[in-house]
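Note sheet for the following structure.
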Amino acid sequence: MAARRLPNFCFEYLEGGADDELTLAHNRRAFDELLLLPRTLVNVSRCELAVSLFGEPIAMPAVIAPTGFNGLLTHEGDRLLAEAARAAGIPFCQSMVSTLALEEIAATGVRHWMQIYPFKDRANLDAVLRRAERAGVEAIVLTTDAAVFGNREWDRRNYRAPMKLSARNLIDVALHPRWVADVLVPHGVPRFRNLGDALPPGQDSARNAATFLAAQMDPSLTWDEVRRLRRQWPRKLLVKGVLLAEDALRAQAAGADGVIVSNHGGRQLDTAPVPIAQLAAVRAAVGAEMTVIVDSGLRRGSDFVKARALGADAAMSGRATLYGLAAAGGPGAGRALEILRAEMARTLGLIGCPQMAAVDARFVGAAEREPWLAREHGKFVTT
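For the sequence shown, full-length UniProt numbering gives the first residue as 1, with consecutive numbering after it.
Laid out in structure tokens, this is it:
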């Protein structure tokens with residue numbers, strides 16, 4: 001449904017990964033290869049999905065991941081995602097390159113997290129932090145794996161010059177009048193409402209700001225920035241982009257309250273480690289007290305159950321709710337969350353574990369490397 005409604009350049013931005021998109025595929029395959037190990041004859045007449053995150057309950061172990069440019073999917077897409085998250089009883093993590101101001105998201109009453117990029121001009125970043133504190137943002141999420149932009153070829157080839165669509169894509173936009181009427185008319189190209197003085201005057205539109213923002217990413221970022229943020233930010237601080245246990249320990253030592261095990265949804269380093277495969281090692285390294293969240297590749301409610309089994313307090317998904325948002329706006333995002341919730345509840349019932357909080361490593365195992373069926377002479381035989 002999203003693919004039908006969106007112009008090609010928008011859908012490829014939503015779907016695409018880096019380089020050969022191997023990591024994008026591996027993220028999904030890793031969940032497919034995890035087996036759920038059911039206990040039978042357990043009373044599952046009532047399954048409870050609620051868990052605790054930072055000492056407060058959430059209705060299910062899910063967080064809407066930070067995704068940028070959501071205003072290109074539908075008008076005020078971030079607000080619609082936040083309202084869907086609030087209705088579902090879960091947090092919403094807003095991207096720094098959101099097309100709505102963080103104050104507008106805070107006004108929805110959602111449990112509000114704010115993702116930040118460490119721009120070279122730290123004064124502008126600090127101004128965003130002050131706004132976030134005044135707005136009541138619960139947590140700051142520092143993304144660490146985008147100091148150098150990944151090579152997203154499927155996305156990049158839609159443009160004849162930076163942020164200037166090719167003739168073919170301009171024609172395709174014209175063939176999507178419903179999207180044009182929603183996103184471009186009468187509002188115009190969405191603007192980066194969160195960046196304030198970081199952008200040159202009049203350059204805050206999605207079209208004009210992309211090149212400037214790329215130049216503002218700081219490849220000199222080190223753990224000193226985490227320590228600096230810890231001194232400045234009085235609430236929860238998470239480090240996103242951790243893939244190795246040793247880096248999770250560095251985050252812990254720098255004062256972070258949690259880590260998000262992530263490879264940026266396969267959009268940065270191709271052939272990077274798969275987060276779900278790294279999760280157990282990260283949890284073992286930091287212990288039970290530190291908050292650990294995983295993202296990248298989650299599409300089904302059963303994926304969230306597998307994440308809990310391997311040690312995650314919760315899991316993030318971006319694309320799952322973006323499909324719903326792009327297909328049908330706010331109701332579509334809400335419907336996506338309803339589907340995930342129903343699948344989580346059904347999975348708990350089928351594995352014989354009536355409480356999400358009780359899911360642990362007993363309920364998950366790795367698929368056999370060799371299939372139990374082999375092809376011989378055009379026929380399948382048992383091995």
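In this text, a Cβ means the ideal position worked out from N, Cα and C, and glycines have one as well.
Residues near residue i by beta carbon distance below 8 Å, same chain, minus five either side
i: Glu376; result: Because Glu376 carries a pLDDT of 44, less than 50, the predicted location of this residue cannot be relied on, and the following value inherits that uncertainty. If we look at Glu376 and ignore the five residues flanking it on each side, it has no Cβ neighbours.
i: Glu138; result: Phe54, Pro91, Arg111, His112, Trp113, Arg235, Lys236
i: Ala214; result: Phe149
i: Ala345; result: Cys47, Leu49, Gly301
i: Pro6; result: Residue identity differs from the one stated: residue 6 is Leu in this sequence, not Pro. For Leu6, where only same-chain residues beyond five positions count, the Cβ hits under 8 Å are Leu14, Leu73, His176, Trp179, Ala326.
i: Ala328; result: Met1, Arg335
i: Val97; result: Gly68, Phe69, Tyr117, Phe192, Asn194, Leu195, Leu213
i: Asp298; result: Going by the sequence as given, residue 298 is Leu instead of Asp. Closer than 8 Å at Cβ, skipping near neighbours: Phe31, Phe304, Ala307, Ala315, Met316, Ser317, Ala320.
i: Val51; result: Pro57, Ile58, Met60, Pro61, Arg308, Asp313, Ala314, Met356, Ala357
i: Asp126; result: Gln232
Start-to-end residues for the alpha helix (DSSP H) that takes in residue i
i: Pro275; result: 275-286
i: Lys306; result: 301-309
i: Val173; result: 167-174
i: Phe31; result: 22-32
i: Leu129; result: 122-135
i: Pro331; result: 319-351
i: Leu80; result: 77-88
Cα-Cα separation, residue i to residue j
i: Leu249; j: Ala285; result: 7 Å
i: Leu310; j: Val239; result: 19 Å
i: Gly349; j: Glu343; result: 10 Å
i: Val274; j: Pro66; result: 19 Å
i: Met217; j: Gly352; result: 47 Å
i: Ala101; j: Ala82; result: 12 Å
i: Gly378; j: Arg28; result: Its pLDDT being 44, under 50, Gly378 is placed unreliably in this model, and the value from its coordinates should be taken loosely. Taking the straight line from one Cα to the other gives about 29 Å.
i: Phe304; j: Met316; result: 9 Å
i: Met290; j: Val141; result: 15 Å
i: Met356; j: Gly89; result: 15 Å
i: residue 407; j: Leu14; result: Outside the modelled stretch of the chain, which goes from 1 to 383, sits residue 407, for which no answer is possible.
i: Arg157; j: Gly77; result: 25 Å
i: Leu41; j: Leu243; result: 38 Å
i: Thr74; j: Asn43; result: 43 Å
i: Leu340; j: Gly318; result: 13 Å
i: Asp155; j: Asp20; result: 12 Å
i: Ser95; j: Gln115; result: 5 Å
i: Ala256; j: Leu170; result: 45 Å
i: Asn194; j: Ala361; result: 40 Å
i: Ile105; j: Trp233; result: 19 Å
i: Asn70; j: Arg152; result: 18 Å
i: Phe9; j: Leu129; result: 32 Å
i: Gly258; j: Thr347; result: 27 Å
i: Phe363; j: Ala135; result: 40 Å
i: Ala59; j: Ala161; result: 45 Å
Same chain only: Cβ atoms within 7 Å of residue i, ignoring 5 sequence neighbours per side
i: Ala3; result: Phe11
i: Ala254; result: Trp223, Val226, Arg227, Arg230
i: Gly365; result: Leu35, Leu37
i: Arg283; result: Val292, Gly311
i: Gly330; result: Leu80, Glu83, Ala84
i: Ala147; result: Met217, Asp218, Pro219, Leu221
i: Tyr159; result: Leu165, Ser166
i: Val359; result: Val305, Arg308, Ala309, Cys353
Cβ-based burial, residue i [other Cβ within 10 Å; buried from 16]
i: His187; result: exposed
i: Gly109; result: exposed
i: Val185; result: exposed
i: Ser296; result: buried
i: Met163; result: exposed
i: Pro61; result: buried
i: Ser132; result: Sequence inspection shows Ala at residue 132; the Ser mentioned does not correspond to that position. Classification of Ala132: buried, given that the 10 Å Cβ count is 16 or more.
i: Gly68; result: buried
i: Pro57; result: exposed
i: Gly16; result: buried
Terminal residues of the beta strand (DSSP E) in which residue i lies
i: Gly17; result: No beta strand (DSSP E) holds Gly17; DSSP gives it neither H nor E.
i: Val63; result: 62-64
i: Met114; result: 112-116
i: Arg250; result: That residue, Arg250, is in no beta strand (DSSP E); its alpha helix (DSSP H) goes 245-253.
i: Ile260; result: 258-261
i: Gly365; result: 364-366
Assumed close pair residue i, residue j - CB separation to whole angstroms, cut-off 8 Å
i: Thr99; j: Arg178; result: Rounded, the Cβ-Cβ distance is 19 Å, inconsistent with contact.
i: Gly324; j: Ala333; result: 5 Å
i: Ala245; j: Ala281; result: 5 Å
i: Ala30; j: Ala277; result: 5 Å
i: Leu72; j: Val173; result: Not really, about 11 Å apart at Cβ, beyond 8 Å.
i: Gly266; j: Ala18; result: 6 Å
i: Ala367; j: Glu33; result: 4 Å
i: Gln268; j: Asp145; result: 5 Å
Cβ shell of residue i (< 6 Å), same chain only, five flanking positions each side left out
i: Ile64; result: Leu81, Ala85, Phe92, Thr321
i: Val261; result: Val242, Pro275, Gln278, Leu279, Val282, Val294
i: Ala272; result: Thr23, Asn263
i: Arg39; result: Gly352
Near the ligand FMN: residue i beta-carbon under 8 Å from a heavy atom
i: Leu72; result: Among the components of this structure there are no ligands whatsoever, and the ligand FMN is therefore not found.
Test: residue i CB closer than 9 Å to a CB of chain D
i: Thr143; result: Reference to chain D is not applicable here, since this structure consists of a single protein chain.
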